[in-house]
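Below is one structure, written out as structure tokens, with a few remarks after it.
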Amino acid sequence: MNDIQSENDDRRIGIDKVGVRSVRYPIIVSDRASETQSTVATLDITVDLPHHHRGTHMSRFLEVLSRFHRETFIDKLPEFLAEVRRALDADRAFVHISFPYFIRKTAPVSGSKSLQVYDCWFDAALGDGYELRIGVDVPVTTLCPCSREISERGAHNQRSQVRVELCYERFIWLEEIIETVESCASCELWPLLKREDERWVTEHAYDNPRFVEDIVREVTLRLQADERIRSFVVESENMESIHSHNAYARKAWVRGPGGADD
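The sequence shown finishes on residue 263 if you use the working numbering, and the numbering steps up by one all the way, no holes.
Listed below in structure tokens is the structure:
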């Protein structure tokens, strides 16, 4: 049978990324409490395509994935991308892996246990070298400092989304990133709360008012102090409860040469 994808293309236009997207697949990730956690990921797997090739071989992406998904995936990403690159005869290979990650949480007063879900992702590339970025969206509560200052009977609060994406020199648990963010918020979230917990959460948030700017600055300070981290982006967005718009802040940071901060 003719290999149509490998036919010569005379338009002389290389493709930056070509491959498969939105692949749903079971994977195993590292879990600090239980060593590993099984989850279902959505993957985008791509390679670059030289100008003289008409197309790529889409089935080969899935063939390689089928040999790796049962491994602890983040540990095997360099080998996975190297195999993708070989199978597709490409110079560069890329994978974006997004997945739900579950952490068992204990309510602050009642001790009720429940599972909190966090949206996480790995973004990896292999070309001349290997680069990995890990990320997590952390839902939290924020209480408005301005509202608390000017009001006699309470203050407005809202659910907020804090997004952190980072590159590291040495391994960092997803749980560590999540705990860092939650410690910088007015209050963290729990799926299951009893009445005594709700009172504690309300009062704790009132005692710890935060703007989106406060969240970004506090998270930045914590991440900068961690010598394992080479670079990061932190974003905070409040789904405002008294406005029809959201409040937003962002900070990007790269550790300079010799450990200096940029």
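Positions of the beta carbon are idealized from the N, C-alpha and C atoms, including for glycine. All values derive from a computational prediction rather than experimental measurement.
Would you verify that the beta carbon of residue i is, or is not, closer than 8 Å to some beta carbon of chain C?
i: Ser23; result: Note that chain C does not occur in the displayed structure, where there is just one protein chain.
From what residue to what residue does the alpha helix (DSSP H) around residue i run?
i: Thr203; result: 196 to 207
i: Ala83; result: 74 to 89
Assign residue i to one of two classes, buried (16 or more other C-beta atoms within 10 Å of its C-beta) or exposed (fewer than that).
i: Phe172; result: exposed
i: Val220; result: buried
i: Phe103; result: exposed
i: Gly20; result: buried
i: Ile28; result: buried
i: Val182; result: buried
i: Asp76; result: exposed
i: Leu66; result: buried
i: Leu167; result: buried
i: Asp49; result: buried
i: Ser245; result: exposed
i: Asn158; result: buried
i: Leu116; result: exposed
i: Ser242; result: exposed
i: Ala226; result: exposed
i: Glu36; result: exposed
Residue range of the beta strand (DSSP E) that residue i falls in?
i: Arg61; result: Element bounds for Arg61: not the beta strand (DSSP E) but the alpha helix (DSSP H), 59 to 69.
i: Ile230; result: 230 to 239
i: Ala253; result: 248 to 255
Identify which residue in the options has its Cα closest to the Cα of residue i.
i: Ser187; options: Asp76, Ile216, Arg154; result: Ile216
i: Tyr131; options: Gln162, Arg86, Glu177; result: Arg86
i: Ile151; options: Glu197, Pro210, Leu193; result: Pro210
i: Glu214; options: Val202, Glu236, Leu193; result: Glu236
i: Cys147; options: Asp227, Thr203, Asp76, Phe212; result: Phe212
i: Tyr26; options: Glu84, Ile98, Thr57, Leu133; result: Ile98
i: Thr43; options: Leu63, Leu224, Glu180, Arg13; result: Leu63
i: Thr203; options: Ala88, Ala125, Gln38, Thr142; result: Thr142
i: Arg1; options: Thr40, Asp45, Pro51; result: Lying before the first or after the last residue shown, residue 1 is absent from the chain, which here runs from 2 to 263.
i: Leu144; options: Phe74, Asn239, Ile14; result: Asn239
i: Ala34; options: Ser60, Leu175, Ala88, Ser184; result: Leu175
i: Val255; options: Arg134, Arg154, Cys185; result: Arg134
i: Trp156; options: Ala206, Gly15, Leu193, Asp17; result: According to the sequence as given, residue 156 is Ala; it is not Trp. Considering only alpha carbons, the answer is Ala206.
i: Arg93; options: Ile230, Ile178, Gly15; result: Gly15
i: Glu170; options: Asp129, Ile179, Glu228, Gly128; result: Glu228
i: Pro1; options: Glu241, Lys252, Arg231; result: This structure cannot settle anything about residue 1, because the visible part of the chain is limited to 2 through 263.
i: Val41; options: Tyr119, Thr47, Arg251; result: Tyr119
i: Ala108; options: Asn247, Gly128, Trp201, Ile243; result: Trp201
i: Asp208; options: Asn247, Cys185, Gln225, Phe74; result: Cys185
i: Gln38; options: Ala126, Thr73, Asp17; result: Thr73
i: Val234; options: Glu241, Pro192, Arg223, Leu194; result: Arg223
i: Thr47; options: Arg68, Ser31, Asp90; result: Asp90
i: Ala248; options: Asp198, Pro101, Gln162; result: Gln162
i: Arg196; options: Ile178, Asp124, Ser113; result: Ser113
So if DSSP puts residue i in a beta bridge, which residue, or which two residues, is it bridged to?
i: Ser39; result: Ile29
i: Phe100; result: Cys121
i: Arg218; result: Looking at the DSSP assignment, Arg218 forms no beta bridge with any residue, so it has no partner.
i: Leu224; result: In DSSP, Leu224 forms no bridge with anything.
i: Pro140; result: Gln162
i: Lys106; result: Ser115
i: Val213; result: Paired residues: none, contrary to the question.
i: Arg134; result: Asp124
i: Asp45; result: His97
i: Gly20; result: Thr47
Enumerated in chain order, which unbroken segments of the alpha helix (DSSP H) with a length of 4 residues or greater are wholly contained in the region 144 to 199? 146 to 151, 175 to 184
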